[in-house]
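Numbering (the numbering used here), first residue to last: 280 to 601. First up is the structure itself, then whatever we jot down about it.
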Ligand SMILES: [Zn+2]
């Protein structure tokens with residue numbers, strides 16, 4: 280076998296990637312690309328994101344070089360935080376937060392650790408709470424970009440956020456939620472979507488049972504489309520889910536008619552709806568626990584006071600009140 284030089288090899292890889300990303304200009308204008316945050320936070324690896332160089336130049340510049348700021352759950356902090364793209368200024372912030380002022384090169388090293396070939400670029404975002412890093416690598420073709428790497432993974436980013444719902448969802452469904460994220464993180468569309476759909480349906484069913492325990496209120500509930508189910512349960516479900524119910528009509532489509540691309544595109548929106556429903560249930564449960572605790576405290580106090588009243592003051596005449 281003829282020996283191949285490494286740089287030649289990479290030249291070929293890049294050329295092949297260029298073909299995948301469309302060396303030929305598409306005949307129709309691509310849809311507008313999703314927001315930069317969506318690309319970083321919600322789009323799975325290897326998802327081809329087409330752009331129109333003239334129309335989307337500003338978007339592309341922001342993605343590659345611009346200031347990026349968004350809020351999200353930091354898996355290292357275990358809390359919501361603001362992520363900000365790394366600039367010379369916050370490189371110093373990172374160094375400061377890491378309490379290693381003498382080695383300010385730490386972040387600079389991180390930022391330049393990957394020597395990227397042409398057509399590739401990396402972005403690093405910094406958790407403003409504790410200086411944790413989110414790193415992304417992209418490959419750019421003439422008409423599309425693809426995210427080819429990120430750390431922490433989408434799976435890890437989502438897992439941190441979902442942890443608080445461990446008790447809100449039955450264990451089997453909680454496991455499936457993780458499985459859905461894992462598949463999505465690796466670019467699997469339909470497989471990930473199937474799990475998400477089961478969880479969505481489960482949550483809808485739970486709320487339906489709550490207001491219609493005997494299944495007599497809504498005739499033919501199981502046979503109607505998801506958006507109509509949501510409309511029927513509008514008093515029970517988060518407002519945003521009800522308002523955007525048409526977007527979830529994809530959940531009524533037959534599995535055979537779904538494409539990988541379609542599933543990957545809809546995944547973040549459907550997952551966001553699931554999180555909203557879980558959050559609402561979680562808050563209701565927390566309120567129930569707090570109410571119960573308050574009631575128990577009052578009952579305990581009453582028992583104590585009642586005990587004292589019963590023991591010492593049961594014979595006290597009414598006049599002594601004033
Ligand atoms: Zn953090």
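Each residue gets a CB set at the ideal place from its N, CA and C atoms; glycine is no exception.
- Leaving aside the five residues that flank residue 520 on each side, the residues in its chain whose CB is nearer than 6 Å to its CB run, in chain order, 552, 555.
- In this chain, the beta strand (DSSP E) harbouring residue 428 covers 423-430.
- Taking the Cα positions, residue 513 is about 15 Å away from residue 557.
- Between residue 436 and residue 313, the C-beta gap is not smaller than 8 Å, which leaves the two residues out of contact.
- Beyond the five residues adjoining it in sequence on each side, residue 445 comes within less than 8 Å, by CB distance, of 453 in the same chain, given in chain order.
- Within the same chain, and ignoring the five residues on either side of residue 548 in sequence, the residues whose Cβ sits closer than 7 Å to its Cβ are 526.
- Counting only residues of its own chain and dropping the five nearest sequence neighbours on each side, residue 528 has a CB closer than 8 Å to the CB of 504, 505, 506.
- For residue 404, the enclosing beta strand (DSSP E) starts and ends at 399-406.
- Annotation for residue 350: no alpha helix (DSSP H) segment contains it, though the beta strand (DSSP E) segment containing it runs 348-353.
- Three or more Cβ pairs closer than 8 Å define a contact, and the region 326-341 falls short of that threshold against the region 561-570.
- Comparing alpha-carbon positions, the option among 439, 579, 539, 515 lying closest to residue 323 turns out to be 539.
- Secondary structure within the region 317-349: the alpha helix (DSSP H) runs of 4 or more consecutive residues, fully enclosed, are 336-343 (chain order).
- Residue 559 has its alpha-carbon roughly 16 Å from the corresponding atom of residue 490.
- In this structure, DSSP gives residue 531 a helical state, which the three-state scheme calls helix.
- Just measuring C-alpha positions, the residue of 535, 488, 530 sitting nearest residue 515 is 488.
- In the assembly as shown, residue 420 is a buried residue. Its beta-carbon has 16 or more other beta-carbons within 10 Å.
- The alpha-carbon separation between residue 405 and residue 438 amounts to approximately 19 Å.
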